[in-house]
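Participant: Here you go, one structure.
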Amino acid sequence: MAKEVIATDKAPAAIGPYVQATKVGEMIFTSGQIPLDPATMEIVAGGIEEQAERVMKNLVAVLHAAGADASNVVKTTCFLSDMNNFVAFNQVYARYFGDAAPARSCVEVARLPKDVLVEVEAIAHL
180 MAKEVIATDK APAAIGPYVQ ATKVGEMIFT SGQIPLDPAT MEIVAGGIEE
230 QAERVMKNLV AVLHAAGADA SNVVKTTCFL SDMNNFVAFN QVYARYFGDA
280 APARSCVEVA RLPKDVLVEV EAIAHL
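Take 180 as the starting number for the sequence shown in my numbering and just add one per residue.
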């Protein structure tokens with residue numbers, strides 16, 4: 180099966196040697212999205228709610244570029260710099276998936292790129 184690179188200017192450009200997403204057959208694998216404004220490539224101002232909102236907008240933009248949306252997501256992995264932000268993060272996250280939430284892992288990590296508070300990656304099926 181051919182591997183297709185997914186790219187959009189509606190989400191931040193990669194800041195390292197990776198792509199925004201890869202599509203193989205009917206599967207889409209996104210890279211982790213962090214709270215960078217795609218227009219400025221700067222971290223959005225604010226706390227966990229603002230950062231989570233930007234992350235989810237970036238994730239949805241990448242999914243749209245691949246011909247999918249949040250309803251196609253079957254699994255996410257969420258990385259938080261502080262598990263004390265879990266409830267606030269979930270409030271933002273839930274708005275994007277509603278009753279059709281995918282399987283998920285959510286872990287606290289020691290540090291994220293650019294010292295952001297949250298990063299989310301996804302696997303989707305068309």
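Using N, Cα and C, we set each Cβ at its ideal position, and we do this for glycine too. Predicted model only: the values in this text are computed from it and were never measured.
Which runs of the beta strand (DSSP E) spanning at least 3 residues fall entirely within the stretch 208-283, listed in chain order?
Facilitator: Runs of the beta strand (DSSP E) inside the stretch 208-283: 252-259.
Participant: What do you reckon, are the CB atoms on PHE268 and ALA224 nearer than 8 Å?
Facilitator: No. Outside cutoff.
Participant: Any idea what DSSP makes of LYS189, helix, strand or coil?
Facilitator: Looking at LYS189 - three-state DSSP - the assignment turns out to be coil, as it is neither helix nor strand.
Participant: Straight-line CA distance for ALA193 to GLN199?
Facilitator: Taking the straight line from one Cα to the other gives about 6 Å.
Participant: What is the C-beta distance between ILE207 and ILE222, in whole angstroms, given that I count them as a contact (C-beta under 8 Å)?
Facilitator: Not quite, the Cβ-Cβ distance comes to about 25 Å (not below 8 Å), so this is no contact.
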